[in-house]
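2 protein chains.
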Amino acid sequence: MITIRKGTEQDIPAALQLVIELAIYEKAPNEVEVSVEEMTRDFNNNVFDFFVAELNREIVGIALYYYKYSTWKGRCIYLDDIIVTEKHRNKGIGYKLIAALIELAKKEKVRKLEWQVLKWNTPAIEFYNKLNTHFDDEWLNCKLIYNQLQNFNAEKQEMGR
Amino acid sequence: MITIRKGTEQDIPAALQLVIELAIYEKAPNEVEVSVEEMTRDFNNNVFDFFVAELNREIVGIALYYYKYSTWKGRCIYLDDIIVTEKHRNKGIGYKLIAALIELAKKEKVRKLEWQVLKWNTPAIEFYNKLNTHFDDEWLNCKLIYNQLQNFNAEKQEMGR
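Structure (structure tokens):
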């Protein structure tokens, strides 16, 4: 039996383990820069929250989310990551996790629940399609990373706009 | 002279006015569902924060942001919207606003500052290019909106995954 419940501080090591498992699968283990200590601090500061899926007292899935803000729609929920451990996929666990998040979004009456999916991740897109998800491919993701931020010098880079 | 400073509760009516001005320009004024009261409540609950650009005591631009969470990079800053009122564009105000946000990201040592841009918004893309922004077009934005969330019924929609 799968149980879905809110994650607690005690679940963070298992949650991070799932994040790392997926990063290894995606051949990007070094991209995971957070630690249990850092996640614990941020969780206790309410930067994010998460649901866990438990099977025989083992955490086999997580859905990690936070509250975002939109100038048009106000406070909304953003699903950063939904992970089910490989050997327990195709058992409806991902659905139960996202259903728990939708129930939360419903209860909190937010105007949007949002997330992103890789364009080539067809199984995930089909899964989200069954929820009648709105997809939008009009946007580019933009980022500046740590070294760029640290080396930024406003005067030097002044661009006259 | 342009002054950039953190926004306060008193600046929210002017900030929302800029949001509405842009929505009208984009022919989507009805998409703005937030009110001054709602923004004020969320601002006081630290859901978002913003910088304002002031010219002769008038607010002519805003950069509205919040803290997001990434399972790989932890607590990061997300720029939801940067707006400069039409008659004061091309005076470097947008740059000063984003520079203030980069300085904040630098000070807080976050691993990423992120935002999105419409694919066809060439002037904005050129502007961000000068900051050596990383662009990523591999993702689709996904959302469920208010009515979908309110009408969700987990049992009915069970999808066996």
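Top line first, the protein sequences correspond to chains A and B.
Per the working numbering, residue 1 is the first one in the first sequence, and the count goes up by one each step.
Per the working numbering, residue 1001 is the first one in the second sequence, and the count goes up by one each step.
Beta carbons: idealized from backbone N, C-alpha and C, even for Gly.
Name the DSSP bridge partner or partners of residue i?
i         : result
A/Asp81   : A/Leu64
B/Arg1075 : B/Tyr1069
B/Phe1135 : A/Cys142
B/Glu1114 : A/Lys143 and B/Tyr1078
A/Lys91   : A/Lys91 is not bridged to any residue.
B/Thr1003 : B/Glu1054
A/Ile59   : A/Glu54
A/Asp49   : A/Tyr65
Just mark residue i as buried or exposed, buried being the case when its beta carbon has 16 or more other beta carbons within 10 Å.
i         : result
B/Thr1006 : Residue identity differs from the one stated: residue 1006 of chain B is Lys in this sequence, not Thr. Looking at its Cβ environment, which holds fewer than 16 other Cβ atoms inside 10 Å, B/Lys1006 is exposed.
A/Arg75   : buried
B/Gly1160 : Any answer about B/Gly1160 is weak, because its pLDDT of 46 lies below 50 and its placement is not dependable; what the coordinates show is given next. With fewer than 16 Cβ atoms within 10 Å of its Cβ, B/Gly1160 is classed as exposed.
B/Ile1024 : exposed
A/Trp120  : exposed
A/Ser70   : buried
A/Lys167  : The requested residue 167 of chain A does not occur in the structure, where chain A is confined to residues 1 to 161.
B/Ala1028 : exposed
A/Lys143  : buried
B/Leu1096 : Rather than Leu, the amino acid found at residue 1096 of chain B in this sequence is Lys. Classification for B/Lys1096: buried.
B/Phe1112 : Going by the sequence as given, residue 1112 of chain B is Lys instead of Phe. Its Cβ being crowded by 16 or more others within 10 Å, B/Lys1112 is buried.
B/Ala1154 : exposed
A/Met218  : Residue 218 of chain A falls outside the range modelled here, since chain A spans only 1 to 161, and no answer is possible.
B/Ile1003 : The question names Ile, but residue 1003 of chain B in the sequence shown is Thr. B/Thr1003 comes out exposed.
A/Asn56   : exposed
B/Thr1122 : exposed
B/Asn1151 : exposed
A/Val19   : buried
A/Phe130  : Reading off the sequence, residue 130 of chain A comes out as Lys, not Phe. With fewer than 16 Cβ atoms within 10 Å of its Cβ, A/Lys130 is classed as exposed.
B/Lys1087 : exposed
B/Lys1073 : buried
B/Lys1068 : buried
A/Asp137  : exposed
### Query
Would the segment 73–81 of chain A and the segment 99–117 of chain A be scored as touching if the rule is three or more Cβ pairs under 8 Å?
yes
### Task
Count the C-beta pairs between the segment 1005–1021 of chain B and the segment 1037–1053 of chain B that are closer than 8 Å, then say yes if the count reaches three, no if not.
Result yes; three or more Cβ-Cβ pairs closer than 8 Å.
### Query
Going along the chain, which residues of the segment 1115–1141 of chain B sit with their C-beta nearer than 7 Å to a C-beta in chain A?
Trp1115, Gln1116, Val1117, Leu1118, Lys1119, Phe1127, Tyr1128, Lys1130, Leu1131, Asn1132, Thr1133, His1134, Phe1135, Asp1136, Asp1137, Glu1138, Trp1139, Leu1140 and Asn1141
### Query
Taking Cβ-Cβ distances below 8 Å as the criterion, which residues of the segment 30–46 of chain A are in contact with chain B?
Glu31, Val32, Glu33, Val34, Glu38, Met39 and Asp42
### Task
Name, going along the chain, the residues of the segment 46–78 of chain A whose beta-carbon falls closer than 8 Å to a beta-carbon of chain B.
Val47, Phe48, Leu64, Tyr66, Tyr67, Lys68, Tyr69, Ser70, Thr71, Trp72, Lys73, Gly74, Arg75 and Tyr78
### Message
Short of 9 Å Cβ to Cβ, which residues in the segment 1094–1106 of chain B face chain A?
### Response
Cβ proximity to chain A below 9 Å picks out Gly1094, Tyr1095, Lys1096, Ala1099, Ala1100, Ile1102, Glu1103, Ala1105 and Lys1106 from the segment 1094–1106 of chain B.
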